[in-house]
Amino acid sequence: MGRKKNTPTDRQFMMAEVVKSERISPNFVRLTLTGLEGLKDWGADHWCRLFFTRQGQDVLALPTRTSEIGWYLQYLATPKSRRPWVRAYTVREARPDVGEVDIDFVIHGDHDSMGPAAKFALEAKPGDRLGFLDQGSAFTPDHPHDWTLLVGDETALPAIAGICRSLPETAEGIAIIEIPSIADQQQFEAPAGMEIKWIVRDESSQAHEKPGELALQALIEATLPDGEVHAHTIGEQSLATGARRHLVQERGVAKRNVDFVGYWRYGRAQTS
């Protein structure tokens, strides 16, 4: 993407503690984390990295370096026997005054097939601890535009909700959000000019192999507003890249007007 992001200048690793766990819908678990003194609310798609112990680890060994490259190189150099799991998540709600955040975890598949973060969320109880590294915000359009386009699957829902909440009241645009079931739909603040389109997989008569395919099809079939757009396409890798490809190749949108981030890849588990 090449665009400068809003990132902390004094990043530091913090130990967060679970104070609440709630199954907010069939496919989402929300954890409330505390102990985050000095946290800043970056707005929009405020994101963080979370660190979890692996099976058999008694101590959560966090990196000591804090630069963006330095901590990761140190992490990779740590033997797996001591290296924690690390995953990127969007902050659903930040309360800096009390050092708290809410993080929504998508629960994919059964317990044996889901990743370490989802397992942690399902099993979390008050007092459980995990590492937290603030990463700032990635939604930073730096060009004039008339409207905003947001496209994502369920993993992008927290980011899209945060972006909509941070947009100016006069903002106009479209948000296309694919979710597993209608019960996973969430209410969030958005300018009156933002049209929210919910695409529900278990209500669709269209064939779909993986999450994101229906959202991409909805984008391809959509009648989009005229004028200059800033687009943010996020979620499953094929959705994020496919949406960008469609906008650039079929709609004539300039590449610099489209940010895209593949949060995850269907059928491929992260191993680090």
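20 is the number of the first residue of the sequence shown in the working numbering; add one for each residue after it. Backbone N, C-alpha and C fix where the C-beta goes; we use that ideal spot for every residue, glycine too. Just so you know, these numbers come straight off a predicted model, no measurement behind them.
Would the region 208-228 count as touching the region 253-263 if we require 3 or more Cβ pairs under 8 Å? no
Pull the bridge partners of N25 from the DSSP assignment, please. Counting from 1 along the sequence shown, the entry for residue 25 is found at position 6. Answer is S156.
So, is V78 buried or exposed, given that buried needs 16 or more other C-beta atoms within 10 angstroms? Position 59 of the sequence shown, counting from 1, holds the residue named residue 78. Exposed, by the Cβ-count rule.
Within this structure, are the beta carbons of F124 and A137 separated by less than 8 Å? On the sequence shown, residue 124 is found 105 positions in, with the first residue counted as 1. On the sequence shown, residue 137 is found 118 positions in, with the first residue counted as 1. Taking 8 Å as the Cβ cut-off, F124 and A137 qualify as a contacting pair.
Please return the same chain residues whose Cβ sits closer than 7 Å to the Cβ of L238, not counting the five positions on each side in sequence. Residue 238 sits at position 219 when you count from the first residue of the sequence shown. Taken in chain order, the residues that qualify are V170, I195, A262, H265.
For Q74, count the other beta carbons within 10 Å of its own beta carbon; 16 or more makes it buried, fewer makes it exposed. Which is it? Working through the sequence shown from its first residue, we reach residue 74 at position 55. With fewer than 16 other Cβ atoms within 10 Å, it is exposed.
With respect to the beta strand (DSSP E) encompassing R73, which residues constitute its N-terminal and C-terminal limits? What you label residue 73 is simply residue 54 of the sequence shown in a count that begins at 1. Premise fails: R73 is in no beta strand (DSSP E) and is neither H nor E.
Given 8 Å as the limit, is there contact between the region 112-122 and the region 48-61, that is, 3 or more CB pairs closer than that? yes
Determine, using beta carbons only, whether I182 and E214 come nearer to each other than 8 Å. On the sequence shown, position 163 is the one that residue 182 refers to. On the sequence shown, position 195 is the one that residue 214 refers to. No. Outside cutoff.
Test item: CB-CB of F207 and G150 under 8 Å: The sequence position of residue 207 within the sequence shown is 188, counting from 1. The sequence position of residue 150 within the sequence shown is 131, counting from 1. No, these two residues do not count as a Cβ contact at 8 Å.
Excluding sequence positions up to five away, which residues of its chain have a Cβ less than 6 Å from the Cβ of M20? In the sequence shown, counting from the first residue as 1, residue 20 sits at position 1. Here the model assigns M20 a pLDDT of 38, short of 50, so the residue's position is not dependable, and the following value carries that caveat. Excluding its 5 nearest sequence neighbours in each direction, M20 has C-beta neighbours in its own chain below 6 Å: D278, listed in chain order.
Is it true that the CB of T109 sits closer than 8 Å to the CB of W166? Residue numbering aside, residue 166 sits at position 147 when the sequence shown is read from its first letter. Residue numbering aside, residue 109 sits at position 90 when the sequence shown is read from its first letter. Their beta carbons are not under 8 Å apart, which means W166 does not touch T109 by this criterion.
By the 10 Å Cβ neighbour count, where 16 or more other Cβ atoms means buried, how is R22 classified, buried or exposed? As a working note, residue 22 is residue 3 in the sequence shown. For R22, the pLDDT reaches just 46, beneath the cut-off of 50, and the residue's location in the model is therefore unreliable, leaving the point undetermined.
Report the option in R49, L233, S44, R42 whose CA atom is closest to the CA atom of A113. Stepping through the sequence shown from its first residue, residue 113 is reached at position 94. Nearest of R49, L233, S44, R42 to A113, Cα basis: R49.
Is it buried or exposed, P103, if we count other Cβ atoms within 10 angstroms and call 16 or more buried? Within the sequence shown, residue 103 is the residue found at index 84, counting from 1. So P103 ends up on the buried side.
Quick one: what's got a C-beta closer than 6 Å to A180's C-beta in the same chain, skipping five residues either side? The count along the sequence shown starts at 1 and reaches residue 180 at position 161. So the list reads F207, once near-sequence residues are dropped.
Per-residue burial, S44 [other beta carbons within 10 Å of its own, 16 or more giving buried]: The sequence position of residue 44 within the sequence shown is 25, counting from 1. In summary, S44 is buried, with 16 or more beta-carbon neighbours lying within 10 Å of its beta-carbon over all protein chains present.
Within 8 Å, strictly: CB atoms of T189 and P160: Residue 189 sits at position 170 when you count from the first residue of the sequence shown. Residue 160 sits at position 141 when you count from the first residue of the sequence shown. No; because the gap between Cβ atoms is not below 8 Å, this pair is not in contact.
Own chain partners of R148 with C-beta closer than 6 Å, once the 5 adjacent residues on each side are dropped: Start at 1 with the first residue of the sequence shown, and residue 148 comes out as number 129. Within the same chain, R148 has close Cβ partners M34, E36.
Just to check my reading of the structure: R68 and Q154 have Cβ atoms closer than 8 Å, yes? What is that Cβ distance to the nearest angstrom? Here residue 68 refers to the residue found at position 49 of the sequence shown. Here residue 154 refers to the residue found at position 135 of the sequence shown. Sure, about 6 Å apart at Cβ, within 8 Å.
Look at the alpha carbon of E41 and the alpha carbon of E269, and state the distance between them as a whole number of angstroms. To locate residue 41, count along the sequence shown from 1; it is residue 22. To locate residue 269, count along the sequence shown from 1; it is residue 250. Using only the alpha carbons, I get a separation of about 42 Å.
I'd like the span of the alpha helix (DSSP H) that includes Y91, first residue to last. Within the sequence shown, residue 91 is the residue found at index 72, counting from 1. DSSP places Y91 inside the alpha helix (DSSP H), whose first and last residues are 87-96.
Candidates W90, A80, P115, of which the one nearest K99 by Cα: Here residue 99 is taken as the residue at index 80 of the sequence shown, counted from 1. Per the Cα distances, A80.
Taking the beta carbon of A202 as the centre, do at least 16 other beta carbons fall within 10 Å, making it buried, or is it exposed? Counting from 1 along the sequence shown, the entry for residue 202 is found at position 183. With fewer than 16 Cβ atoms within 10 Å of its Cβ, A202 is classed as exposed.
Compare the beta carbon distance of L168 and F32 with 8 Å and say whether it is the shorter of the two. As a first step, residue 168 is located in the sequence shown; it is residue number 149 there, counting from the start. As a first step, residue 32 is located in the sequence shown; it is residue number 13 there, counting from the start. Cβ atoms of L168 and F32: not closer than 8 Å.
Going along the chain, which residues of its own chain have a beta-carbon closer than 6 Å to the beta-carbon of I218, five neighbours each way excluded? The sequence position of residue 218 within the sequence shown is 199, counting from 1. Excluding residues within five positions, the ones whose Cβ falls inside 6 Å are E197, L233, A234, A237.
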